[in-house]
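To start, the structure itself, in structure tokens.
Number of protein chains: 2
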Amino acid sequence: MANTTETQPPHQVVIIGGGFGGLYAAKSLNNANVNITLIDRRNFHLFQPLLYQVATGAISPADISSPLRSVLSKSKNTKVLLGEVNDIDPQAQKVLMGDEAIPYDTLIVATGAKHSYFGKDEWESFAPGLKTVEDAIGMRHRIFMGFEAAEKETDPQLRRAWLTFVIVGGGPTGVELAGAIAELAYHTMKEDFRNIDTTEAQVILLEGLDRILPPFAPELSAQAETSLQKLGVTVQTKTLVTNIENDFVTIKQGEKISQIAAKTVLWAAGVKASPLGQALAQRTGIECDRAGRVIVEPDLSIKGYPNIFVIGDLAHFAHQNGKPLPGVAPVAMQQGEYVASLIKQKLQGQTSLPRFYYVDRGSLAVIGQNSAVVDLGFIKFTGFVAWLFWLLVHIYFLIEFDNKLIVMIQWGWNYFTRNRRARLITGKEPLGNYTSEKTREMVNV
Amino acid sequence: MANTTETQPPHQVVIIGGGFGGLYAAKSLNNANVNITLIDRRNFHLFQPLLYQVATGAISPADISSPLRSVLSKSKNTKVLLGEVNDIDPQAQKVLMGDEAIPYDTLIVATGAKHSYFGKDEWESFAPGLKTVEDAIGMRHRIFMGFEAAEKETDPQLRRAWLTFVIVGGGPTGVELAGAIAELAYHTMKEDFRNIDTTEAQVILLEGLDRILPPFAPELSAQAETSLQKLGVTVQTKTLVTNIENDFVTIKQGEKISQIAAKTVLWAAGVKASPLGQALAQRTGIECDRAGRVIVEPDLSIKGYPNIFVIGDLAHFAHQNGKPLPGVAPVAMQQGEYVASLIKQKLQGQTSLPRFYYVDRGSLAVIGQNSAVVDLGFIKFTGFVAWLFWLLVHIYFLIEFDNKLIVMIQWGWNYFTRNRRARLITGKEPLGNYTSEKTREMVNV
Chain A
1 MANTTETQPP HQVVIIGGGF GGLYAAKSLN NANVNITLID RRNFHLFQPL
51 LYQVATGAIS PADISSPLRS VLSKSKNTKV LLGEVNDIDP QAQKVLMGDE
101 AIPYDTLIVA TGAKHSYFGK DEWESFAPGL KTVEDAIGMR HRIFMGFEAA
151 EKETDPQLRR AWLTFVIVGG GPTGVELAGA IAELAYHTMK EDFRNIDTTE
201 AQVILLEGLD RILPPFAPEL SAQAETSLQK LGVTVQTKTL VTNIENDFVT
251 IKQGEKISQI AAKTVLWAAG VKASPLGQAL AQRTGIECDR AGRVIVEPDL
301 SIKGYPNIFV IGDLAHFAHQ NGKPLPGVAP VAMQQGEYVA SLIKQKLQGQ
351 TSLPRFYYVD RGSLAVIGQN SAVVDLGFIK FTGFVAWLFW LLVHIYFLIE
401 FDNKLIVMIQ WGWNYFTRNR RARLITGKEP LGNYTSEKTR EMVNV
Chain X
1 MANTTETQPP HQVVIIGGGF GGLYAAKSLN NANVNITLID RRNFHLFQPL
51 LYQVATGAIS PADISSPLRS VLSKSKNTKV LLGEVNDIDP QAQKVLMGDE
101 AIPYDTLIVA TGAKHSYFGK DEWESFAPGL KTVEDAIGMR HRIFMGFEAA
151 EKETDPQLRR AWLTFVIVGG GPTGVELAGA IAELAYHTMK EDFRNIDTTE
201 AQVILLEGLD RILPPFAPEL SAQAETSLQK LGVTVQTKTL VTNIENDFVT
251 IKQGEKISQI AAKTVLWAAG VKASPLGQAL AQRTGIECDR AGRVIVEPDL
301 SIKGYPNIFV IGDLAHFAHQ NGKPLPGVAP VAMQQGEYVA SLIKQKLQGQ
351 TSLPRFYYVD RGSLAVIGQN SAVVDLGFIK FTGFVAWLFW LLVHIYFLIE
401 FDNKLIVMIQ WGWNYFTRNR RARLITGKEP LGNYTSEKTR EMVNV
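Chains A and X, in that order, are what the protein sequence lines are. Mapping to the numbering used here: the first sequence position 77 is 77, numbers consecutive. Mapping to the numbering used here: the second sequence position 318 is 318, numbers consecutive.
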């Protein structure tokens, strides 16, 4: 019964990165006659859209993480490898990890992006970003330590600086962080301190453009701004950050330059692609854009290498309406599924293959407990209904992997109690922003 | 209407430590006419008896932690102070924190204990103990990284060493860790790897005495041993650890000395009291025992200082049946409540005060999913009923603080799915046990 294709060694697919792109590609290939190796630096898939909830003490990292091995334990054609890829050899068709070389027939590169300071890398220690579990734990440390330091501080000016939280960047992450910190200060923790009144805290959201949530329709941006203001957030648009120092953020509004005294500054302004994109570009002569993203062909392969695909936040795909697709989870998921289906079709000998087409099902961002903005294109809505919609969509995608019903119950509980029970200050945080000796001691305990 | 006692400044109670002893004391004083300052290095109370569940990936740190400020937010006479006490001045009646001095009328010292290596501190990097959230995260890192390293290892001997887990100490923590690791290897993760068979892992529990769980009745120790063996744990009693090195544990059984090749060694063998006990002893001339615990009077005060109480794991109380009370949560809770009531009675002018008497309601330890041992004195039982009893008791005490019903639901879910979803390898772990270059790279990702 055996024919020649069955006796050939199976087609080797190597996927680098277990984020939305890589994981959806692997899952879509689980019934294909291929051998898959999924390589990631971490042993878990992280549901990044909810990382801000970890940073603000609502949920724990494990609530939004799924061990890659258990997500893929039923995919018997898939092997998970823990490790960091440092280079790719497209001629030899090998992925290089230290002294190991892993051969591939088809390669999917999905290593994503990290936050970027537009060349001002020295800002990172004062204004951390939010991409990893460790980032979220560090941010949580800073936010809650800010309130603790204010409680101990006797100088009124310094106390005010400890109670000032500046979020740089008015995209979804910035809006979500600002809303969550405002809720912490004005609701959750208002009975918790004896020396300070947490409702005197200032939460300031800075955005360079003329409105927050620029990917949304202007009327939704306006409503989001109103909702944030109701929560107590000060929204400053058309505001450029020109410097971040230990205790100050310098901003430029039109011609006016001023300073905000703030001990806690959080960065939600920009991302740059994973350095593996540059490495690949050097090896293949392809181009990257200014953010380091790899410019891909209509089928997500790279020029001259039809067996190498780049997907997700690492890819610059501009074949749809001229500007690159945004770095969001739905794009990565659809690209992962598309590449998986393309590989299957190629293996079946099909030659007339469709190009990738992104189906934009809409954008959503949450502002606070009862408020969100949803833009589905054909319909736009805000407020409680939008919040409920946001909740359901996120739960749907969370439970798809790992039956995380528990997270839903947790959220229900938090919602009714307005609690954030995961307010742990743990780990030793690089000091950065913590200046006074007293605070330094406190952080080092 | 004012009388003299009302115009006096209120009695100042300072409590050092927000564990079971300190927190129960604070809560019991919440309706008393005193001002309370509770000082802790951390901003949360940790339910330590379940820390082994964090170390083995079943639950998250926040599931067994409660922010001290929210536990005490309704206690308007209580102030929480985040910081580390480095000394006590009993003559000036002050607690010293860096350059701050906090005055007290009554002092309760409840700073607990940490793990101890009986003078072999160099063992710590090879065999970490389990007292803090960071310890648990580090232990989780090692356990899961052991399986990952075995998956990558091609040398069969080294692979076997990566799959060998040695737990030193057959008390409740050691038994609980051994049972949980055996369940991970033989059930939870058995479908997860492609190169190794996790059911070939060895879990070895070492105990110096002639039986595990020495505080329990001998028949319960025997049954616990049988249950552990059924789970796949190798129990070795009358076994002394004479050395722990990078890849080996040296043991002595009678006159026989041998070595176990193991990459993961966990310490559950001994504790020593917090150094604040020694500092207090030097200042007051009182005595500590060999484990550094402060020897207390029948009312838990220290000799010559009726306004200084030492409670919980830091106290050596031997007035009940000659040997000191064990360092377990129920002792600390009862001591906290007793001291609170003593302070209230003294303030009401009562002079005939009762001494402390510990009501031992029994001991319990969990062995695995369906198995535990319970010794209530008048009745002893094991197996599933004991496990259910263990679960209910722990949930009762957990929800007392913080409505942690969520943890119960989580456990129910884990129970039916045999899942451990919190298997995250996070943080950068000091390398210690990780020897080969390849592994070192892997851990550093």
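Note that the Cβ used here is the ideal one computed from N, Cα and C, for glycine as well.
With a Cβ-Cβ cutoff of 9 Å, do residue i and residue j count as a contact?
{"i": "Glu148 (chain X)", "j": "Ile379 (chain X)", "result": "no"}
{"i": "Ile204 (chain A)", "j": "Ile244 (chain A)", "result": "no"}
{"i": "Pro9 (chain X)", "j": "Ser60 (chain A)", "result": "no"}
{"i": "Phe193 (chain X)", "j": "Glu151 (chain X)", "result": "yes"}
{"i": "Ala113 (chain A)", "j": "Val271 (chain A)", "result": "yes"}
{"i": "Ala315 (chain A)", "j": "Gly174 (chain A)", "result": "no"}
{"i": "Asp99 (chain X)", "j": "Arg283 (chain X)", "result": "no"}
{"i": "Arg79 (chain X)", "j": "Thr37 (chain X)", "result": "Arg is not the amino acid found at residue 79 (chain X); the sequence shown has Lys there. Yes; because the gap between Cβ atoms is below 9 Å, this pair is in contact."}
{"i": "Pro103 (chain A)", "j": "Ala110 (chain A)", "result": "no"}
{"i": "Val373 (chain A)", "j": "Thr382 (chain A)", "result": "yes"}
{"i": "Ala180 (chain A)", "j": "Tyr52 (chain A)", "result": "yes"}
{"i": "Ala182 (chain X)", "j": "Gly138 (chain X)", "result": "no"}
How many whole angstroms separate the CB atoms of residue i and residue j, which I take to be in contact at a CB cut-off of 8 Å?
{"i": "Gly336 (chain X)", "j": "Ser28 (chain X)", "result": "7 Å"}
{"i": "Val95 (chain A)", "j": "Val14 (chain A)", "result": "5 Å"}
{"i": "Thr237 (chain X)", "j": "Ile212 (chain X)", "result": "7 Å"}
{"i": "Glu176 (chain A)", "j": "Trp162 (chain A)", "result": "Not quite, the Cβ-Cβ distance comes to about 22 Å (not below 8 Å), so this is no contact."}
{"i": "Gly57 (chain X)", "j": "Phe165 (chain X)", "result": "Gly57 (chain X) to Phe165 (chain X), Cβ: 14 Å. No contact."}
{"i": "Gly129 (chain X)", "j": "Ala332 (chain X)", "result": "Contact flag wrong, Cβ pair sits at about 19 Å."}
{"i": "Leu228 (chain A)", "j": "Ala281 (chain A)", "result": "Wrong, their Cβ atoms sit about 39 Å apart, outside the cutoff."}
{"i": "Phe356 (chain A)", "j": "Leu300 (chain A)", "result": "5 Å"}
{"i": "Phe126 (chain X)", "j": "Asp375 (chain X)", "result": "No, Phe126 (chain X) and Asp375 (chain X) are not in contact; Cβ-Cβ is about 33 Å, not under 8 Å."}
{"i": "Thr264 (chain X)", "j": "Gly146 (chain X)", "result": "4 Å"}
Which residues share a DSSP beta bridge with residue i?
{"i": "Asp87 (chain X)", "result": "X:Leu96"}
{"i": "Gln12 (chain A)", "result": "A:Asn35"}
{"i": "Pro67 (chain X)", "result": "X:Phe44"}
{"i": "Gly383 (chain X)", "result": "X:Ala372"}
{"i": "Phe165 (chain X)", "result": "X:Val203 and X:Thr264"}
{"i": "His394 (chain A)", "result": "Answer is none; His394 (chain A) lacks a bridge partner."}
{"i": "Val492 (chain X)", "result": "Nothing in the structure corresponds to residue 492 (chain X), since chain X is present only between 1 and 445."}
{"i": "Ile295 (chain A)", "result": "A:His316"}
{"i": "Ala178 (chain X)", "result": "In the DSSP output, where bridge partners are listed per residue, Ala178 (chain X) has none listed."}
{"i": "His115 (chain X)", "result": "X:Val271"}
{"i": "Gln278 (chain X)", "result": "Answer by DSSP bridge pairing: none, since Gln278 (chain X) is not bridged."}
{"i": "Tyr305 (chain X)", "result": "X:Ile302"}
Roughly how many whole angstroms lie between the Cα atoms of residue i and residue j?
{"i": "Thr106 (chain X)", "j": "Gly277 (chain X)", "result": "17 Å"}
{"i": "Gly17 (chain A)", "j": "Asn43 (chain A)", "result": "11 Å"}
{"i": "Trp387 (chain X)", "j": "Gly83 (chain X)", "result": "38 Å"}
{"i": "Gly304 (chain X)", "j": "Pro298 (chain X)", "result": "13 Å"}
{"i": "Pro49 (chain X)", "j": "Ala329 (chain X)", "result": "8 Å"}
{"i": "Tyr24 (chain A)", "j": "Arg423 (chain X)", "result": "21 Å"}
{"i": "Gly208 (chain X)", "j": "Gly171 (chain X)", "result": "10 Å"}
{"i": "Val54 (chain X)", "j": "Ala136 (chain X)", "result": "6 Å"}
{"i": "Ile302 (chain X)", "j": "Gly368 (chain A)", "result": "52 Å"}
{"i": "Thr242 (chain A)", "j": "Ala262 (chain A)", "result": "15 Å"}
{"i": "Asp87 (chain X)", "j": "Met97 (chain X)", "result": "7 Å"}
{"i": "Val294 (chain X)", "j": "Lys256 (chain X)", "result": "38 Å"}
{"i": "Phe47 (chain A)", "j": "Glu191 (chain A)", "result": "32 Å"}
{"i": "Trp267 (chain A)", "j": "Asp247 (chain A)", "result": "15 Å"}
{"i": "Asp289 (chain A)", "j": "His115 (chain A)", "result": "16 Å"}
{"i": "Arg364 (chain X)", "j": "Gly377 (chain X)", "result": "The sequence as given places Leu at residue 364 (chain X); Arg does not occur at that position. Approximately 11 Å, taken between the alpha carbons."}
{"i": "Gly312 (chain A)", "j": "Ile64 (chain A)", "result": "19 Å"}
{"i": "Gly19 (chain A)", "j": "Ala185 (chain X)", "result": "26 Å"}
{"i": "Pro326 (chain A)", "j": "His141 (chain X)", "result": "34 Å"}
{"i": "His187 (chain X)", "j": "Val366 (chain X)", "result": "17 Å"}
- [ ] Give the residues from the segment 76 to 95 of chain X that approach chain A closer than 9 Å (Cβ to any Cβ), ordered along the chain.
- [x] Lys76, Thr78, Lys79, Val80, Leu81, Leu82, Gly83 and Glu84
TODO: With 7 Å as the limit, tell me which residues of the segment 131 to 152 of chain X have their beta carbon closer than that to any beta carbon of chain A; keep them in chain order.
DONE: Val133, Glu134, Phe144 and Glu148
- [ ] With 9 Å as the C-beta to C-beta threshold (strictly closer), list the residues of the segment 98 to 114 of chain X near chain A in chain order.
- [x] Gly98, Asp99 and Glu100
Open item on the list: Output needed in chain order: residues of the segment 42 to 54 of chain X with a Cβ under 8 Å from some Cβ in chain A.
Closed with: Arg42, Asn43 and Phe44
- [ ] Scan the segment 286 to 302 of chain X for residues whose Cβ lies nearer than 7 Å to a Cβ of chain A and list them as they occur along the chain.
- [x] none
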